[in-house]
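To start, the structure under review is shown below, and the notes come after it.
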Amino acid sequence: MELRIHYTALPQGMEEDRFKLELAQVLDEEGWLTGSGTSDSGFWLELELEDERANPKYGILAVKHYLQRSGFARDTAIELSGMPVGIYE
41 MELRIHYTAL PQGMEEDRFK LELAQVLDEE GWLTGSGTSD SGFWLELELE
91 DERANPKYGI LAVKHYLQRS GFARDTAIEL SGMPVGIYE
């Protein structure tokens, strides 16, 4: 299952490489990074969540919690199956 994170900026003091490394650690064996880039509205990072051995909701919740705890802006969203949802919703 693909999960895309849309964000306008990283939290103060965080660099992109650190963001990617920390997400990899959060996901452990529940997912992996597949791409990143820029868009008209900011930046995106795409992850593939493991859904054959484990329920992907655990990976989704772990990513959402990480983004909240790290201080990402309120306009940050995660997108699943084309449906973006704010990380604080």
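The sequence shown begins at 41 in the numbering used here and counts up one residue at a time.
Quick reminder that beta carbons are idealized off the backbone N, C-alpha and C, glycines included.
None of these values were measured; they are calculated from a predicted model.
Taking C-beta atoms as the reference points, D91 and M41 count as a pair closer than 8 Å. Under the criterion of beta carbons closer than 8 Å, A117 and G126 qualify as touching, at roughly 5 Å. The Cβ atoms of L73 and L89 lie no closer than 8 Å to each other. In the structure shown, R109 falls within a helical segment according to DSSP collapsed to helix, strand and coil. Excluding its 5 nearest sequence neighbours in each direction, T78 has C-beta neighbours in its own chain below 8 Å: W84, listed in chain order. When secondary structure is reduced to three states using DSSP, G99 falls in the helix class.
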